[in-house]
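Only one structure is covered here, and it is reproduced in the block below.
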Amino acid sequence: MQDPLAQQIALFVRYLETERRSSPRTVDTYRRTLDQLRTWAAAEGMPLDAGKLSVVALRGFLASLFDTNASSTLSKKIATLRTFYRFLVRRKITKQNPAAVLRSPKSKKTLPRFLTVDDAVRVVEAPSEDQGRDPRLAARDRAMLELLWGAGLRVSELAGLTLARVERNRRTLRVLGKGRKERVVPYGKPAESALEAYLAVRDELRNPKTGEQHPEALFLGIRGTRLSARQVQNIVHRYGALGMGRGDLHPHTLRHTCATHLLDAGADLRSIQELLGHASLSTTQRYTHVTVDRLMEVYDRAFPLAHDPHPHDEE
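Listed below in structure tokens is the structure:
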């Protein structure tokens, strides 16, 4: 028979899956944190019941994670505990919410990393230079890179695209983002050309033994199965190394690059927020710091005397 805490976690997970319709990745993140809490409570001789764990106990649990987790990770774990306890109180499973008084550690805000236009072009054109690559896969890879950069998609959004969500006549994608919220994302002519080239050969990507393929997924592997987010990451690593000597290039960097280049070109923050699917404008505003920093670098190169505390004396 399960202990009360295990039952409470199971109820919460079911709520996330069925009522909140959270993504599998989000559900897994919540579950892992709560399983960690249960394991810690058992090891410390604490009651295995969320209603009997005090705020001191929760702080002890978080303290046990402090040395091995960044402040941003601890903040997410605190957010998980708050959501978990709010759920339990609403369902009248517990009366108290000790997580309500937990405070997230202050974390240093990191600015998004991005590529220059030249570097981004080198990356998206790298599949054409990949001599050992199957031409069908090279066409697929080019289309994926164009959409990651040109449409600012998250890697999970790209991997989850279906044929039905591509509106080719309008050059738009119907993307399922975080919380399964749908948004319409346009893509440009370079992405259109790459996507059409891939779609012309997509039907050839089938299981060599059975001839089967995933009927709905947009991006397929050599055996006709849907590409996973991890496989997309590995493909981006491949072309980061080939195009600009960076084997650690991440798909999210291309997303950041999309936002930065759009802002540089004059797009307003609200439009970029809608394109990227940010719930809060403050998330999008990080890109203004990046572009201001770049503007100051250009200013310093254009007006070097602005740095000189002792400009040439007038004669």
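In our numbering, the protein residues as written are 231 to 545.
Beta carbons are placed, not taken as given, at the ideal position from N, Cα and C, and that holds for glycine.
For clarity, every value in this text was computed on a predicted model and none was experimentally measured.
Quiz item: Rounded to the nearest angstrom, how far is the Cβ of Tyr417 from that of Ala369, given a contact under 8 Å?
Solution: That belief does not hold up - the Cβ atoms of Tyr417 and Ala369 are roughly 16 Å apart, past 8 Å.
Quiz item: Looking at the unbroken alpha helix (DSSP H) that takes in Val331, where does it start and where does it end?
Solution: No alpha helix (DSSP H) holds Val331; DSSP gives it neither H nor E.
Self-check item: When Trp270, Arg255, Pro234 are compared against Lys408, the one with the closest alpha-carbon
Solution: It is Arg255 whose Cα lies nearest to the Cα of Lys408.
Quiz item: Three-state secondary structure (DSSP) at Pro445?
Solution: Here Pro445 carries a coil assignment [DSSP, helix/strand/coil].
Self-check item: DSSP-derived helix/strand/coil call for Tyr249
Solution: For clarity, residue 249 is Glu in the given sequence; the question names Tyr instead. In the structure shown, Glu249 falls within a coil segment according to DSSP collapsed to helix, strand and coil.
Self-check item: CA nearest to the CA of Ala421, picked from Ala430, Thr310, Arg401
Solution: Nearest Cα to Ala421 within the set Ala430, Thr310, Arg401: Arg401.
Quiz item: Any idea if Glu426 is buried or exposed, counting beta-carbon neighbours within 10 angstroms, 16 or more meaning buried?
Solution: That one is exposed.
Quiz item: Hey, how far is the Cα of Gln197 from the Cα of Ala309?
Solution: Residue coverage of the chain in this structure runs from 231 to 545, which leaves residue 197 outside it and unanswerable.
Exercise. State the DSSP-derived secondary structure class of Pro277, mapped to helix, strand or coil.
Key: Pro277 falls in the coil class under three-state DSSP.
Quiz prompt | Contacts around Thr248, its chain only, beta-carbon distance under 7 Å, and the 5 residues preceding and following it disregarded | solution = Once the five neighbours on either side are set aside, Thr248 has no close Cβ partner at all.
Practice problem: Flag this pair as touching only if the segment 343-350 and the segment 477-491 have three or more C-beta atom pairs under 8 Å; answer yes or no. | Solution: Judged by Cβ distances under 8 Å, the segment 343-350 makes contact with the segment 477-491, as three or more pairs qualify.
Exercise. Note down the Cα distance separating Gly507 from Ala424, rounded to an integer number of angstroms.
Key: Computed Cα separation, rounded: 24 Å.
Exercise. Would you mind working out which of Ile502, Val319, Met474, Val331 sits nearest Asp348, comparing C-alpha positions?
Key: Minimum Cα distance to Asp348 is reached at Met474.
Quiz prompt | Outcome for Pro481 when other beta-carbon atoms lying within 10 angstroms are tallied against a minimum of 16 | solution = The residue in question, Pro481, is buried, as its Cβ has 16 or more Cβ neighbours within 10 Å.
Quiz item: In the segment 338-367, which residue ranges form an unbroken alpha helix (DSSP H) of at least 4 residues, counting only runs that do not cross its ends?
Solution: Taking 4 residues as the shortest admissible run, the segment 338-367 contains the following complete alpha helix (DSSP H) segments, listed from N- to C-terminal end: 347-359.
Quiz prompt | 8 Å Cβ shell around Ala471 - same chain, five flanking residues per side excluded | solution = The answer, listed in chain order, is Gly477, Leu479.
Quiz item: Going by the CB atoms, is the gap between Arg366 and Glu434 shorter than 8 Å?
Solution: Cβ distance < 8 Å, so Glu434 and Arg366 count as in contact.
Quiz prompt | Element boundaries [beta strand (DSSP E), containing Thr483] | solution = Looking at the DSSP string, Thr483 is not in any beta strand (DSSP E); the run it does join, the alpha helix (DSSP H), is 481-494.
Quiz item: Between Gln572 and Leu246, what straight-line distance do the alpha-carbon atoms span, to the nearest angstrom?
Solution: Within the shown structure, residues of the chain are numbered from 231 to 545, placing residue 572 beyond reach of any answer.
Quiz item: Quick one: is Ala495 buried, meaning 16 or more other Cβ sit within 10 Å of its Cβ, or exposed?
Solution: That one is exposed.
Practice problem: Using 10 angstroms around the beta-carbon of Phe296, count the other beta-carbons present and answer buried if the total reaches 16, otherwise exposed. | Solution: It is exposed - the Cβ of Phe296 has fewer than 16 other Cβ atoms within 10 Å.
Quiz prompt | Own chain, CB closer than 6 Å to Arg456, minus 5 neighbours either side, in chain order | solution = The answer, listed in chain order, is His444, Ala447.
Self-check item: Closest Cα partner of Val415 within the set Leu241, Ala430, Val431, Arg395
Solution: The shortest C-alpha to C-alpha distance from Val415 to any of Leu241, Ala430, Val431, Arg395 is the one to Arg395.
Quiz prompt | the segment 321-337 in contact with the segment 351-364 per 3-pair CB rule at 8 Å | solution = Pairwise C-beta distances place the segment 321-337 out of contact with the segment 351-364, as fewer than three of them are shorter than 8 Å.
Self-check item: Nearest-angstrom Cβ-Cβ length linking Val268 and Leu283, presumed shorter than 8 Å
Solution: Per the sequence presented here, residue 268 reads as Arg, with Val not at that position. Actually they do not touch by this definition, with Cβ atoms about 10 Å apart.
Quiz item: Do Phe314 and Leu388 have their C-beta atoms within less than 8 Å of each other?
Solution: For Phe314 and Leu388, no; Cβs fall outside 8 Å.
Practice problem: Buried or exposed for Ser358, please, with buried defined as at least 16 other CB atoms from any protein chain shown within 10 angstroms of its CB. | Solution: Ser358 comes out exposed.
Quiz prompt | Leu403 and Glu412 closer than 8 Å at C-beta | solution = No; because the gap between Cβ atoms is not below 8 Å, this pair is not in contact.
Quiz prompt | Distance between Lys307 and Arg261 (C-alpha atoms, nearest Å) | solution = Taking the straight line joining both Cα atoms gives about 10 Å.
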